[in-house]
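This report concerns only the one structure given below.
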Amino acid sequence: MCELTTSKVDDYKNSELTESSFKPTTSRVVFKKPDSLVFDLQHLYNSKIFSDLTLKVGDEEFKAHKNILCARSSVFNTMLNYEMEEKLTNCVKITDFDPPTVRKMLNYIYCGQVEDLTPEVAL
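Just so you know, the numbering used here puts 323 at position 49 of the sequence shown, and the rest follows in order with no gaps.
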């Protein structure tokens, strides 16, 4: 939402302008673009622009953004805020999950949604 305040001036030609000459009027403009945040974060992840962290899973590497991961995951927040190896190397080695599972996890972290979640992957 955006709020815009403008002023009207009464008889500005015939009088000296003073603070009381201005009559504030307020307009509210509401512009809502649904899911634009999700779209923007998904684009940020897919484009890899400004990525500053690599997640290594087996032979695959996933580029990510520390600030997004830390904001959305207490595990990443702890890992990347203390003098741990991951913070110093800008690399997280994941051995507990396979690449498809990490891809789904990152999609959830960035977009808040998981597609094609099966019970096997969820466990």
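Note that beta-carbon positions come from the ideal geometry of N, C-alpha and C, so glycine has one too.
Beta bridge counterpart(s) of residue i as assigned by DSSP
i, result
"residue 335", "330"
"residue 365", "328"
Proximity winner among the options, relative to residue i (alpha-carbon distances)
i, options, result
"residue 344", "356, 334, 313, 333", "356"
"residue 363", "328, 348, 324", "328"
"residue 313", "393, 389, 385", "385"
Assigned secondary structure, residue i (DSSP; H/G/I helix, E/B strand, else coil)
i, result
"residue 388", "coil"
"residue 371", "coil"
"residue 382", "helix"
"residue 360", "helix"
"residue 322", "coil"
"residue 309", "coil"
Local Cβ density within 10 Å of residue i, reported as buried at 16 or more and exposed below that
i, result
"residue 331", "buried"
"residue 336", "buried"
"residue 322", "exposed"
"residue 324", "exposed"
"residue 367", "exposed"
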